[in-house]
Amino acid sequence: MKMEHQAILQQIQMDQLGSVTFSRYDLATGIETHAQLELMLKEALQFLLLCHQSPLETVYGSYEAEHHIYLITMQFKNQSLCNLFIDASDANQQNYQKQIEIVGTKGLYQYNSADRRGFSSNFILPGNYQVDYQEASLENIGLSNLVFQIKESIKNNETITFGG
1 MKMEHQAILQ QIQMDQLGSV TFSRYDLATG IETHAQLELM LKEALQFLLL
51 CHQSPLETVY GSYEAEHHIY LITMQFKNQS LCNLFIDASD ANQQNYQKQI
101 EIVGTKGLYQ YNSADRRGFS SNFILPGNYQ VDYQEASLEN IGLSNLVFQI
151 KESIKNNETI TFGG
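So in full-length UniProt numbering, spot 44 of the sequence shown is number 44, and the numbers just go up one at a time.
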């Protein structure tokens, strides 16, 4: 798991942010394969599900195929919201920028890979974004199903509702 993800999750676990009510995750990077883009989706979804700590209620996705751009909106059972934006267009080859905002009832956490004053570590290097995604086999089934549901939302231009 990426260091910025660990730092945010630690703040949530220590109740520094309170209950998460909204999150925004933006990643602009180049990709070499479509499989790499799917791993980026899974990495982001895994992290966001951990942040919100609530079952997913609805998901709506859109995808611009020519430029490989995903925009996914999720609502959780606790009514918290999430926007996930991944721009893997050719314009982002050989560089990346990542921004994360987590809004809670007690505070706000912001991360920006381009901000020298922000949280940083040695992974912020030139070149395309490198996924650091690991999963348990059961989690893989859940995240693969979520990616499938997002693609169905895109294909059918509809909101997917989970549960009853």
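We treat Cβ as the ideally placed atom computed from N, Cα and C, and that holds for glycine.
Quiz item: Shortest alpha-carbon distance to N112 belongs to which of Y25, V103, T21 and M1?
Solution: Considering only Y25, V103, T21 and M1, the residue with the shortest C-alpha distance to N112 is Y25.
ask   = Per DSSP, T58 is paired with what?
value = Q75 and T161
query = Should Q36 and V131 be called a contact, given that it needs their Cβ atoms to be closer than 8 Å?
reply = yes
Please state the DSSP three-state secondary structure of Q36.
helix
- Limits of the beta strand (DSSP E) - the one that I102 falls within: It spans Y96 to G104 - the beta strand (DSSP E) in which I102 sits, taken as one unbroken run.
Out of L39, N78, C82 and E66, which has the shortest C-alpha to C-alpha gap to I72? Relative to I72, the option among L39, N78, C82 and E66 whose CA is nearest is C82.
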